[in-house]
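Chemist: First, the structure itself, so that you have it in front of you.
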Amino acid sequence: MCGIVGYIGNRNALPLIIEGLKRLEYRGYDSAGVALFSKGKLIVRKKAGKVANLEQALSDVSIPSTIGIGHTRWATHGIPNDVNAHPHTDCKERIALIHNGVIENFTSIKTKLLRQGHIFKSETDTEVLVHLVEEFYSRLHDLEKAVRAALKEVVGTYGLIILCADEPDKLVVARKGSPLVIGYGEHETVVASDASALIQHTRKVTYLEDGEMAVVTPTAVVIKTLADVEIHKDVEELTFDLEQIEKGGYAHFMLKEIHEQHETISNSMRGRLLPEEGDAKLGGLAGVQEALERAPRLILAACGTSWHAALIGEYMLEQYARIPVEVEYASEFRYRNPVMRKDDVVIFISQSGETLDTLEALREAKAQGATVIGICNVVGSSIARESHAGVYVHAGPEIGVASTKAFTSQLTALALLTLLLARKKGEMTSDDGIAFVKALEALPQKLSSILEHDETIFSIAKEFSGVQNFLYLGRGYNYPVALEGALKLKEISYIHAEGYPAAEMKHGPIALIDQNMPVVFIAPQDSTYEKILSNMQEVKARRGRIIAIVNEEEPHVKQLADYLIVVPPTMDLLAPILTIIPLQLLAYHIAVLRGCNVDQPRNLAKSVTVE
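Residues 1129 to 1739 (the working numbering) make up the sequence shown, in order.
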């Protein structure tokens, strides 16, 4: 997801904007730029590459200005270069615009504007939008009215800020499908695509909803609909601290977030367990609990890492709550005309709560009359606001692009939901519920003990950092762990990796196995343990090199595996919360040894807000 920062107030805008862009670097981007109003004109600087490149380009420039906008771009239309970077300007260079999202009908708009004499410099869809605003401004001579008129012609998604040299006392911002938050300071206002960019300056914020726009000045914010109806919105208080988005002495955010997981899963459970009753309470579901209990089926929809969490949630809910569950890729959900029934409950899982594919799937499910529940991490996010009810996972800000702590917190939330439903539906006894709660409460300490094996995992990483392929295999609850382990490796080290159910290996992937192929088995001593030992035998017979995640170094597995990583035992359904930890560390160390940018892997964005 691209990053947006806008400032208007009584301080020098440039340092605040640059600092905000740096706090958004984790979102993923390939170029950066700023536009400032100074001495009667717009000053625009933009560079391909990192914010540091932009800073260098500005190092010998003194630009006194109290209003400006900044952007980090993740390329969709046009290659990453200086010209395609934002901000984009109109023909007269009097209007500057930054934009997150995609303008789907930009080609037809551009064709019309070219006929009207507009000259384009970039390959982007965004530049079309600023020229469209220019066209309306030339007739209306009012920036707010021009933006409103332009957006009525636009098909697509946007989070945008516009600055005009002829009206330098305001910023005009608008949102449809791409998040924007407005922060209120003392005689200053900050606008950003993510609250982390403004928390240094204020905790008082308002989130724009789709179809809303705002005129922002240092002391006032007027919010309206695109139909020009004024809206009065509540001011909310940010709940996280600046320290939570700092590295805290770790080499990378990803490593910090791996090491935080004993705390974050505790936070996911805090106040939600009833140890004496062997039950759970999830206050955010109070309004839909009856719908959950009577639902003939549940649908879990998500993308990426959250989809892997959903797969594990399916296993949990079907085994313990005895309710049919389907897992859907949110990106495919609304395009295949899904069969929805009025009593269905659809649960949408997203770390950011802004994943556009997931958000659009949620809207489709609501339109068809289903009850929709959100499981997400970011308070105040779009999915949290648009769901009928939900569960926050309380993992805190996750800065590393490759999700780690949000995944284990999602699993914790799904385990709590499973316990809640199993008890309410009478599928779990009080004694079994008490045992379930005790197993959950033991997880943080067990997770901490796995981190003590970091040196062992690092030595394995050194052995395999030069390979080009990896295979991950698991069964039952640990099949999705194999998928997630493979995803982590390919995301940050750029090694090709695949995850499979272990029994499926002989239906094709076994052809890949030779002495150069490392194979990771997730093999805790669960109900599938004997079967997975047989799968190890098949790999060993073909000279594959085995890394095994196990509960103990017992003789059978020691004879088969070349490398062992021990994790503590737990209930089968909770094992993924533990077995994923060494795979996260393995991917991290391999990526570092290969010289990769762990926190900002190439081509990836933290939150995918385009389709």
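The C-beta atom is built at its ideal place from N, Cα and C for all residues, glycine as well.
Note that the structure is a prediction, hence the values are computed from the model and not measured.
#1: Quick one, are the C-beta atoms of G1528 and G1502 less than 8 Å apart?
#2: In terms of alpha-carbon separation, which member of P1646, E1681, S1266, A1277 lies closest to D1294?
#3: Thinking K1553 and E1666 are a contact (beta carbons under 8 Å), I'd like their distance in whole angstroms, please.
#4: Hey, how far is the Cα of R1671 from the Cα of D1690?
#5: In terms of residue numbering, what span does the beta strand (DSSP E) encompassing R1400 cover?
#6: My assumption, with CB atoms under 8 Å, is that I1427 sits in contact with E1460. Please give the rounded CB distance.
#7: So what does DSSP say about P1646, is it helix, strand or coil?
#8: Which value, in whole angstroms, describes the spacing of the CA atoms of Q1184 and G1177?
#9: Hey, would you say I1620 sits closer than 8 Å to L1714, going by beta carbons?
#10: If we call anything under 8 Å between Cβ atoms a contact, is A1543 one with L1579?
#11: Taking DSSP as the reference, what is the three-state secondary structure of H1360?
#12: Label S1662 either buried or exposed according to how many other C-beta atoms from any shown protein chain fall within 10 Å of its C-beta, with 16 as the threshold for buried.
#13: CB H1199 to CB G1161, shorter than 8 Å?
#14: Mapping DSSP to helix, strand and coil, what is M1341?
#15: How close, in whole Å, do the beta carbons of G1284 and G1229 come, if the pair is a contact with beta carbons under 8 Å?
#16: Counting along the chain, where does the beta strand (DSSP E) carrying E1682 start and finish?
#17: Check whether the Cβ atoms of L1288 and V1309 lie closer than 8 Å to each other.
#18: With distance defined between alpha-carbon atoms, name the residue in S1509, P1296, E1583 nearest to K1169.
#19: Please determine, among I1440, L1445, V1521, the residue with the shortest C-alpha to C-alpha distance to S1478.
#20: Exposed or buried, which one is L1142 when buried takes at least 16 other CB atoms within 10 Å?
#21: If you drop the 5 nearest sequence neighbours on each side, which residues of the same chain put their C-beta closer than 7 Å to that of T1347?
#22: Given this structure, state the Cα-to-Cα distance separating L1291 from L1225, to the nearest angstrom.
#23: Three Cβ pairs or more, each shorter than 8 Å: is that satisfied between the segment 1405 to 1415 and the segment 1432 to 1441?
#24: Might you give, ordered along the chain, the residues of its own chain that have their beta carbon closer than 8 Å to the beta carbon of G1497, omitting 5 neighbours on each side?
#25: Any contact of the segment 1250 to 1265 with the segment 1317 to 1335, i.e. 3+ C-beta pairs under 8 Å?
#26: Using only CA atoms, which one of Y1312, A1163, K1167 lies nearest to L1186?
#27: Nearest to R1425 by CA position, among L1402, G1636, R1450, is which residue?
#28: Can you give me the start and stop residues for the beta strand (DSSP E) that A1530 sits inside?
#29: Taking the alpha-carbon positions, what's the S1193 to A1610 distance?
#30: Under the rule that 16 or more other beta-carbon atoms within 10 Å means buried, what is I1207, buried or exposed?
#31: Whole angstroms are fine: how far does the CA of E1492 sit from the CA of L1271?
#32: Take the Cβ of L1445 as the centre, count every other Cβ of all protein chains shown within 10 Å, and call the residue buried at 16 or more, exposed below.
#33: Based on DSSP bridge pairs, tell me the residues matched to H1624.
#34: Is the segment 1673 to 1685 touching the segment 1531 to 1543, taking contact as three or more C-beta pairs under 8 Å?
#35: Determine, using beta carbons only, whether V1500 and F1476 come nearer to each other than 8 Å.
#36: Measure the Cβ-Cβ separation of T1317 and I1136 and say whether it is below 8 Å.
Modeler: In terms of the structure at hand:
#1: Within the sequence shown, numbered from 1, the residue matching residue 1528 stands at position 400. Within the sequence shown, numbered from 1, the residue matching residue 1502 stands at position 374. Not in contact: G1528 and G1502 (Cβ atoms no closer than 8 Å).
#2: Working through the sequence shown from its first residue, we reach residue 1294 at position 166. With distances taken between Cα atoms, D1294 lies closest to S1266.
#3: Against the sequence shown, residue 1553 aligns to sequence position 425. Against the sequence shown, residue 1666 aligns to sequence position 538. Wrong, their Cβ atoms sit about 40 Å apart, outside the cutoff.
#4: Here residue 1671 corresponds to residue number 543 of the sequence shown, with the count starting at 1. Here residue 1690 corresponds to residue number 562 of the sequence shown, with the count starting at 1. Spanning the alpha carbons of R1671 and D1690 requires a straight line of approximately 11 Å.
#5: One-based indexing of the sequence shown puts residue 1400 at position 272. Neither: R1400 is in no beta strand (DSSP E) and is coded neither H nor E.
#6: Your numbering for residue 1427 matches position 299 in the sequence shown. Your numbering for residue 1460 matches position 332 in the sequence shown. That pair is no contact at about 12 Å.
#7: The residue labelled residue 1646 in the question sits at position 518 within the sequence shown. Note: P1646 maps to strand in three-state DSSP.
#8: What you label residue 1184 is simply residue 56 of the sequence shown in a count that begins at 1. What you label residue 1177 is simply residue 49 of the sequence shown in a count that begins at 1. Between Q1184 and G1177, the C-alpha separation is close to 11 Å.
#9: Locating residue 1620 in the sequence shown gives position 492, where the first residue counts as 1. Locating residue 1714 in the sequence shown gives position 586, where the first residue counts as 1. The answer is no: Cβ separation not under 8 Å.
#10: Taking the first residue of the sequence shown as position 1, residue 1543 is located at position 415. Taking the first residue of the sequence shown as position 1, residue 1579 is located at position 451. 8 Å or more divides the Cβ of A1543 from the Cβ of L1579.
#11: Position 232 of the sequence shown, counting from 1, holds the residue named residue 1360. Looking at H1360 - three-state DSSP - the assignment turns out to be coil, as it is neither helix nor strand.
#12: Numbered from its first residue, the sequence shown carries residue 1662 at position 534. Classification for S1662: exposed.
#13: Residue mapping note: residue 1199 aligns to position 71 of the sequence shown, counting from 1. Residue mapping note: residue 1161 aligns to position 33 of the sequence shown, counting from 1. Taking a C-beta distance under 8 Å as the contact criterion, H1199 and G1161 qualify as a contact pair.
#14: Taking the sequence shown and counting its residues from 1, one reaches residue 1341 at position 213. For M1341, the three-state secondary structure derived from DSSP is strand.
#15: The count along the sequence shown starts at 1 and reaches residue 1284 at position 156. The count along the sequence shown starts at 1 and reaches residue 1229 at position 101. Indeed, because the Cβ distance is near 6 Å, the residues count as touching under 8 Å.
#16: Here residue 1682 is taken as the residue at index 554 of the sequence shown, counted from 1. DSSP places E1682 in no beta strand (DSSP E); its state is neither H nor E.
#17: Your numbering for residue 1288 matches position 160 in the sequence shown. Your numbering for residue 1309 matches position 181 in the sequence shown. For the pair L1288 and V1309, the CB atoms are not nearer than the 8 Å cut-off.
#18: Position 41 of the sequence shown, counted from the first residue, corresponds to residue 1169. For K1169, the closest C-alpha among the options S1509, P1296, E1583 is that of P1296.
#19: If you number the sequence shown from 1, residue 1478 lands on position 350. Nearest option by C-alpha distance: V1521.
#20: One-based indexing of the sequence shown puts residue 1142 at position 14. Buried, by the Cβ-count rule.
#21: On the sequence shown, residue 1347 is found 219 positions in, with the first residue counted as 1. Hits under 7 Å: H1315.
#22: As a first step, residue 1291 must be located in the sequence shown, where it is residue number 163. As a first step, residue 1225 must be located in the sequence shown, where it is residue number 97. Rounded to whole angstroms, the separation of the alpha carbons of L1225 and L1291 is 6 Å.
#23: No, the segment 1405 to 1415 is not in contact with the segment 1432 to 1441.
#24: Within the sequence shown, residue 1497 is the residue found at index 369, counting from 1. Only M1468, K1470 meet the Cβ criterion.
#25: Between the segment 1250 to 1265 and the segment 1317 to 1335 there are fewer than three C-beta pairs closer than 8 Å, too few to call the two in contact.
#26: On the sequence shown, position 58 is the one that residue 1186 refers to. If we check each option's Cα against that of L1186, A1163 comes out closest.
#27: Walking along the sequence shown from the start, residue 1425 turns up at place 297. The shortest C-alpha separation from R1425 is found at R1450.
#28: The residue labelled residue 1530 in the question sits at position 402 within the sequence shown. A1530 -> no beta strand (DSSP E), and no H or E assigned at all.
#29: Taking the sequence shown and counting its residues from 1, the one referred to as residue 1193 is at position 65. Taking the sequence shown and counting its residues from 1, the one referred to as residue 1610 is at position 482. Computed Cα separation, rounded: 52 Å.
#30: For the purposes of this step, residue 1207 is taken as residue 79 along the sequence shown, with counting starting at 1. For I1207, the number of other beta carbons within 10 angstroms of its own is below 16, and it is reported as exposed.
#31: Within the sequence shown, residue 1271 is the residue found at index 143, counting from 1. Within the sequence shown, residue 1492 is the residue found at index 364, counting from 1. Cα-Cα distance, rounded: 34 Å.
#32: Stepping through the sequence shown from its first residue, residue 1445 is reached at position 317. With 16 or more other Cβ atoms within 10 Å, it is buried.
#33: Along the sequence shown, one-based indexing puts residue 1624 at 496. DSSP output for H1624 lists N1597 as bridge partner(s).
#34: Counting C-beta pairs with one atom in each stretch, the segment 1673 to 1685 and the segment 1531 to 1543 have fewer than three that are closer than 8 Å, which means they do not touch.
#35: In the sequence shown, counting from the first residue as 1, residue 1500 sits at position 372. In the sequence shown, counting from the first residue as 1, residue 1476 sits at position 348. Yes, they are a contact pair.
#36: Taking the sequence shown and counting its residues from 1, one reaches residue 1317 at position 189. Taking the sequence shown and counting its residues from 1, one reaches residue 1136 at position 8. Going by C-beta atoms, T1317 is nearer than 8 Å to I1136.
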